[in-house]
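A.B. asks: Sharing a structure with you now.
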Amino acid sequence: MIAAAVGSVFGGTGAVAARFLADEAGPATVSLLRYLGLLALLLVWLLFSRSRLPRIPARDLPALVAVGVLQFGLFGWFFSAGFTYVGAARGAIVLSTVPIQTLVLALLAGRERFSMRKLAGMAMGVAGVAVALGSDAATAGPDAWKGDLLLFAAAFCTALNSVMVGPYLGRYPILAVSLIATGVGCVMLAGAAIWSGEAGDIGRLSGTSWAVAAYFAAGPTCFGFLAWTWALSRVAPTRVTITIVLNPIAAAFAAALVLGEAIDLRLVVGLVLVAAAIVMVNWPSGARDDA
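What follows is the structure, given as structure tokens:
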């Protein structure tokens, strides 16, 4: 759980990096740079660890490719595109609906039991997001709803991935799963960048933007993703996603310090409601906590 918490804090700062880069490059380019950096770091890890990658049976490859499409291709584009319309703190609160979406998917799949506590928690989460989205309604701009929908879609991709990837992390090392999924995502994003004409944005990035992109790849993406994935391999998805309450908290403070975004009372109230909802719907009932 500590690893998941650290990953969530780093993920919050990733929202600030994405918002900063949104003014200089398109979403496919930002995501491509992010995941190319991750892929390079994973390859360095493979080289220095002298690990031998396992042979993955053909029957499991489609699922791992699907993880790459979801978590690196679609999520990456939705994430970066969303922050072209909204601020980091607002966007991070929308992204924090991942645990609630994970619960809904688990309920639909019959992997979670329905309870009034969970229903109340989901209602509280929806209320919290509504309050938070109204915090900057006057300054968000007419297209802010597009960013909200894009980031909600990004959250759905992560929720679906959290449910899908668990069994494969139990069979194969994190490094092997990450290399395959990241490679798939990079190919997908490279195609999107070329098709949209965004590839030329790379040559126009400033030195500061390159530094932010490097941090985006190393901190929130590499370290944050590996910490989160390691936790998913050892703890149930609904337990791990409790820690995502730290994501918008980190994003709000980092956005205030780096981007000068205001933190008003409605944003704080919305954040508290969402955090309480996540804990409520995912807290184990009468079960001993995992170590």
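In this text, residue positions in the sequence shown follow this note's numbering: the first is 483, and each later residue adds one. The C-beta atom is built at its ideal place from N, Cα and C for all residues, glycine as well. For clarity, every value in this text was computed on a predicted model and none was experimentally measured.
With a floor of 4 residues, list each alpha helix (DSSP H) that falls wholly inside the segment 690–718, ordered by position along the chain.
C.D. replies: Runs of the alpha helix (DSSP H) inside the segment 690–718: 706–714.
A.B. asks: Considering Q583, what are the terminal residues of the alpha helix (DSSP H) in which it resides?
C.D. replies: Start and end: V580 to L590.
A.B. asks: Please list the terminal residues of the continuous alpha helix (DSSP H) segment that includes G573.
C.D. replies: A570 to L577 is the extent of the alpha helix (DSSP H) around G573.
A.B. asks: Counting only the same chain and skipping the five closest in sequence on each side, list residues whose C-beta sits under 8 angstroms from that of I656.
C.D. replies: For I656, where only same-chain residues beyond five positions count, the Cβ hits under 8 angstroms are L708, T711, W712 and S715.
A.B. asks: May I ask you to report which of helix, strand or coil DSSP gives R686?
C.D. replies: Residue state, collapsed to three classes: helix.
A.B. asks: Starting from G494, follow the alpha helix (DSSP H) in both directions and report where the run begins and ends.
C.D. replies: Note, G494: alpha helix (DSSP H), I484 to L503.
A.B. asks: Apart from the five residues just before and just after A658, which ones in its own chain have a Cβ nearer than 8 angstroms to its Cβ?
C.D. replies: Cβ within range, chain order: L535, P536 and I538.
A.B. asks: Whether or not the segment 568–585 and the segment 633–644 are in contact is what I'm after, with contact meaning three or more pairs of Cβ atoms, one per stretch, closer than 8 angstroms; do they touch?
C.D. replies: The segment 633–644 is in contact with the segment 568–585.
A.B. asks: Roughly how many angstroms separate the alpha carbons of A626 and G742, rounded to a whole number?
C.D. replies: Computed Cα separation, rounded: 18 angstroms.
A.B. asks: Is DSSP giving A759 helix, strand or coil here?
C.D. replies: If DSSP states are grouped into helix, strand and coil, A759 belongs with the helices.
A.B. asks: So, is V761 buried or exposed, given that buried needs 16 or more other C-beta atoms within 10 angstroms?
C.D. replies: Exposed: under 16 other Cβ atoms inside 10 Å.
A.B. asks: Consult DSSP for A614 and reduce its assignment to one of helix, strand or coil.
C.D. replies: Looking at A614 - three-state DSSP - the assignment turns out to be helix.
A.B. asks: Short of 7 angstroms in beta carbon distance, which residues of its chain neighbour V580, apart from the five on each side in sequence? Order them along the chain.
C.D. replies: The residues are A637, T640, A641, T723 and I726.
A.B. asks: Please go through the same chain and pick out, in chain order, the residues whose beta-carbon is closer than 6 angstroms to the beta-carbon of G607, but skip the five residues on each side of it.
C.D. replies: Result list for G607: I582, V756 and A759, in chain order.
A.B. asks: Does DSSP put A507 in a helix, a strand or coil?
C.D. replies: A507 falls in the coil class under three-state DSSP.
A.B. asks: Can you tell me the Cα-Cα spacing of G610 and S533, whole angstroms?
C.D. replies: If you take the alpha carbons of G610 and S533, they lie about 45 angstroms apart.
A.B. asks: Measuring alpha carbon to alpha carbon, tell me which residue in K628, L514, L528 and K600 is nearest G564.
C.D. replies: Cα-wise, what sits closest to G564 is K628.
A.B. asks: When we look at the beta-carbon of D772 and count the other beta-carbons within 10 Å, is it buried (16 or more) or exposed?
C.D. replies: Unreliable positioning characterises D772 in this predicted model, as indicated by a pLDDT of 41, which lies under 50. A coordinate reading is not provided.
A.B. asks: Please classify G493: is it buried, with 16 or more other beta-carbons within 10 angstroms of its beta-carbon, or exposed?
C.D. replies: Buried.
A.B. asks: Smallest Cα separation from G623: which of R595, W692, Y567 and L747?
C.D. replies: The residue with the shortest Cα to Cα distance from G623 is Y567.
A.B. asks: Go ahead and label L747 buried or exposed: buried means 16 or more other beta carbons lie within 10 angstroms of its beta carbon, across all protein chains shown.
C.D. replies: When all chains shown are included, L747 counts as exposed.
A.B. asks: Rounded to whole angstroms, what is the Cα-Cα separation between V647 and R541?
C.D. replies: If you take the alpha carbons of V647 and R541, they lie about 15 angstroms apart.
A.B. asks: Between which residues of its own chain and V754 is the CB-CB distance below 8 angstroms, once the five residues before and five after are set aside?
C.D. replies: Answer for V754: G610, listed in chain order.
A.B. asks: With a 10 Å radius around its C-beta and 16 neighbouring C-beta atoms as the bar for buried, classify S644 as buried or exposed.
C.D. replies: With 16 or more Cβ atoms within 10 Å of its Cβ, S644 is classed as buried.
A.B. asks: Using only the alpha-carbon positions, how far apart do S513 and G558 sit?
C.D. replies: Near 5 angstroms, if we compare the C-alpha coordinates of G558 and S513.
A.B. asks: From the DSSP output, in three-state form, read off F809 for me.
C.D. replies: Here the chain comprises residues numbered 483 to 773, so residue 809 is not present and cannot be evaluated.
A.B. asks: Reducing DSSP to helix, strand and coil, say where P536 ends up.
C.D. replies: Coil.
A.B. asks: Quick check: A614 and G752, are their CB atoms within less than 8 angstroms of each other?
C.D. replies: The answer is yes: Cβ separation under 8 angstroms.
A.B. asks: Residue range of the alpha helix (DSSP H) that G667 falls in?
C.D. replies: First-last of the alpha helix (DSSP H) with G667: I656 to S678.
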